[in-house]
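Going down the list, the protein sequences come from chains A and B. Oh and the first sequence: position 165 is 165 in my numbering, straight run, nothing missing. With positions in the second sequence counted from 1, the corresponding number in my numbering is that position plus 1000. Glycine included, every Cβ here is placed at the ideal spot set by N, Cα and C. Data block below; observations after.
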Amino acid sequence: MKTITLTLKKFSSIALEFEELIPDTIYNWSKEDFENYQVPVGNSKFPLTNYFDIEVEGDAEGPEDVKMILDGDMSRVKYIGYRMTAGEIIVNGDADLQAGAEMIGGSLKINGNAESYVGREMRGGSIEVMGNVREYCGTSYIGEWRGMSGGIIKVHGNAGKQLADCMSGGEIYIGGSCDILAGIHMTKGYIEIGGDVTRWPGGQMKNGAIVIKGKLSSLLEGFENEGIFVDPDIEGKQLTGKYIKYKGDIGVNGKGSLWLNAEKNRNLL
Amino acid sequence: MAYEEPITDYDHIVENCTCAFCGSNCDDLDFLVKGNHVVGVRHACRLGASKIMEDEDQRLKVPMMRDENGELQEVDWDTALDAAAELIANAVRPLFFGWSETSIECMKKGLKLTEYVGAVIDNQATICHGPTVQAVQNVGYPLMTLGEVKNRADMVVYTGSNPMNAHPRHLARYSVFPRGWFRQRGRFDRTLVTWDPKFSDTAKMSDIWVPFEENGDYGFCNAIRAVLKGKELKEDVISGIPKQDIIDLTEAMKNVEFGALFFGLGLTHTLSKQRNIDIAIQLVQDLNAYTKWVLLPMRGHFNVNGFNIYMAYEMGFPYGVDFCRGYPRYMIGETTTVDLLNRKEPDVFLVIAADPGAHFPGGANMHLANIPVIQIDIHWGPSTELADIVLPGTFIGVETPGTSYRMDSVPIHMKSAIDPPETCREDEWIVNELYERVKKIKEEAK
């Protein structure tokens, strides 16, 4: 097991790009390799040691043996865990844009808030965010119709707008509330939202399932009521309580299912 | 409105000039020229005519730099260009914003400079029709040329835009009033519909006004799509519109021969942003199962569309293109101007043919006040107050010829009618000169 600890010593207002510092590339790096590494900042590259104190302990045979710890405010460190296939990254602080984007395997834990595009086009592995995430979590690249296709994202706080657009697989769990258009253009996968949702979940969804345990303020006309189910089994997940099931979005002949907690959404009964 | 005497005191007329104001790019203007000044403009709307004629008001005529007291002082071209090149060459995160009111020829030089220094290049689409471009990338672009609308359309819908105020000749020249090949009676052969929460000047002259509630665009379009698929609406009132009105409107839209939907910033900048356009495009796609429908964004500046077309053609991305790693990248929220400024990332800002001082959010302008700003423009404006180096350009379409793209992506050559002031330089020349000087500094540093 190899533990790499990067402790922030100087905050850069221009974002650092960390897509090369993933377990897949650094598992055999020594401390000297890190000290010689130049990190991309804007149109230049500067020594990593300008920004971080570096500690390396132990050895690794492959990326799966790597544990990378980023201590400090990482709100200007982009692409943490970008395209990683194995290993573990822990961020003790906030994370910037594109954390865990296009991730294939391994795990990423953010003990703080994360910016937009967490787990964009993620294919596997797991991401856990202890705080909130902003817009476009688990989403697709602009214009791409396949978003997140595998893996698990767990957010303990709230999620911003357009969660998981064009999602085509995988699972997302949001502990808190969620803003507009969760699961827009979704074709497959599972989204569970613990808190309230403002408007329009599942706009133009073709398939997949969205579960809302809190109150929904506004439902789209493209959804048709299919009745109330007690303790439903949704895509292999056993829920407890009464849920109203909707099918939609009719605008795209969708067969997606939207499940609303019946107790919290009595106005729709 | 007071009667104005026709202008008779002029030397000669320059015919078929193109208006350098809005995205309609009217190319039938006649400029009345006297002593190297445009004293009158025929055929243009008031907005276009006033921009072309009252050009001398607050015109930037000489290069300027801030002195130690923070006042802009006149300097010679070499000093200003060298200082600007020095700033750009030493920047880590330079950002070049604007380009929508200059020619494609100038953008070409700008892109060369951007790529060479590894900067971000962005245009006004980032604060106007950017969501449209994103939606088009997601679901396609059922567009037409304005000539098709003129000759064929029997239903014209305006939503989230008020062309009577913002694009005054749009209805008169392209969409509603002109007599077309299949619409010989002009306005009488067409139905004009406005979907807008406000009773705007366009709504006042429309046959049908659909006042959906603010931020109700997505729900409203979704309801029309559900009706088109044969679903019975369950709510009595959807987005502020009674159920029966939506059904009647859908029926009317199905039964036209050629429909055109024009949308503006009212659609791109309400709650669900690009998803409003996304669903509007899909609505148009659905309507094409019954009859011919097309859609077009009402672009603002005369060449804002040109920048998007040029960048998409050259680099594959329409706006907000980041070259900091040597290759083009594009990500909304990451490489777009306002987000970069809010994150306080850029360390040098070049603004050409744009006015961020007037149009950007306060937080973004606060960062602009803290970093060096280079301005290339023809008029004194709020951005000049933020600028540290001012380089006076020339007026495309009046003083300098150039290429621009109309809102329906038709390229138009804009000719010049008068000579530019002696102390000003063409935008294209300035940007090219910056490139040459930055190159010299970078090569000397090697």
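In this structure, A:Val252 is the residue among A:Ile228, A:Val252, A:Lys213 and A:Val155 with its C-alpha nearest to the C-alpha of A:Glu221. Among the residues facing chain A, B:Cys1128 is not included, as its CB has no counterpart in that chain under 8 Å away.
Each of B:Lys1243, B:Ile1389 and B:Val1284 was checked against the Cα of B:Gly1140, and the nearest Cα belongs to B:Val1284. With a cutoff of 8 Å on beta-carbon distance, B:Glu1086 and B:Ile1352 are scored as not near each other. Residue contact with chain B for A:Ile212: absent (no Cβ-Cβ distance below 8 Å to any residue of chain B).
Beyond the five residues adjoining it in sequence on each side, B:Lys1415 comes within less than 8 Å, by CB distance, of Val1014, Asn1016, Cys1017, Thr1018, Gly1397 and Pro1401 in the same chain, given in chain order. Collapsing the DSSP output to three states places B:Cys1019 in coil. Within chain B, Val1092 have C-beta atoms less than 7 Å from the C-beta of A:Val41, given in sequence order.
Looking from the CA of B:Met1053, the closest CA among B:Asn1069, B:Leu1029, B:Met1065 and B:Glu1074 belongs to B:Leu1029. Partner residues in the beta bridge of B:Phe1097, as assigned by DSSP, are B:Asp1122 and B:Val1351.
The Cβ-Cβ distance between A:Gly124 and A:Met103 falls below 8 Å.
Below 8 Å, enough C-beta pairs join the segment 21–29 of chain A and the segment 70–90 of chain A to call them touching: three or more. Taken in chain order, the whole alpha helix (DSSP H) runs of length 4 or more contained in the segment 227–266 of chain A number zero. If you compare the alpha carbons of B:Lys1204, B:Thr1126, B:Ala1252 and B:Glu1005 with that of B:Leu1340, the shortest gap goes to B:Thr1126.
Burial check for B:Lys1051: the Cβ neighbour count within 10 Å reaches 16 or more, so the residue is buried. For B:His1413, the enclosing beta strand (DSSP E) has its first and last residue at Pro1411 to Met1414. Each residue's CA atom was taken as its position, placing A:Pro47 and A:Asn28 some 19 Å apart.
Contacts with chain B at 8 Å (Cβ-Cβ) include A:Glu221.
The DSSP-derived three-state label of B:Pro1420 is coil. In the DSSP secondary-structure assignment, B:Tyr1158 is bridged to B:Thr1194 and B:Phe1262.
If you look at B:Arg1066, you'll find it isn't in any alpha helix (DSSP H); it sits in the beta strand (DSSP E) that goes Met1064 to Arg1066.
Straight-line measurement puts the Cα of A:Thr5 at about 55 Å from the Cα of B:Val1062.
B:Val1438 is positioned such that its CB atom lies no closer than 8 Å to that of B:Leu1111. Under the DSSP assignment, B:Val1338 falls in the alpha helix (DSSP H) whose first and last residues are Thr1337 to Asn1342.
Counted as a single uninterrupted DSSP element, the stretch harbouring B:Thr1102 is not any beta strand (DSSP E), since DSSP gives it neither H nor E. Residues of the segment 13–36 of chain A that bring their beta carbon within less than 9 Å of a beta carbon in chain B comprise Ser13, Ile14, Ala15 and Glu17, in sequence order.
Residues of chain A with a Cβ closer than 9 Å to the Cβ of B:Ser1100 do not exist; the shortest Cβ-Cβ separation is about 20 Å. Looking at the DSSP output, B:Arg1059 bridges to B:His1379. Buried is the label assigned to A:Ile212, since at least 16 other Cβ atoms lie within 10 Å of its Cβ. Sixteen is the threshold: when 16 or more other Cβ atoms of the shown chains lie within 10 Å of the Cβ of B:Ala1166, as they do, the residue is buried. Going by C-alpha positions, B:Val1041 is about 40 Å away from B:His1367.
Neighbours of A:Ile228 across chain B, judged by C-beta separation under 7 Å, do not exist; the nearest C-beta is about 16 Å away. Note that the segment 1216–1234 of chain B touches the segment 199–219 of chain A; at least 3 beta-carbon pairs, one per stretch, sit closer than 8 Å.
For B:Val1014, the beta-bridge partners assigned by DSSP are B:Phe1031.
A contact between stretches requires three or more CB pairs, one per stretch, nearer than 8 Å, and the segment 34–51 of chain A meets this requirement with the segment 11–18 of chain A.
Per DSSP, reduced to three states, the secondary structure at B:Lys1273 is coil, with no helix or strand assignment.
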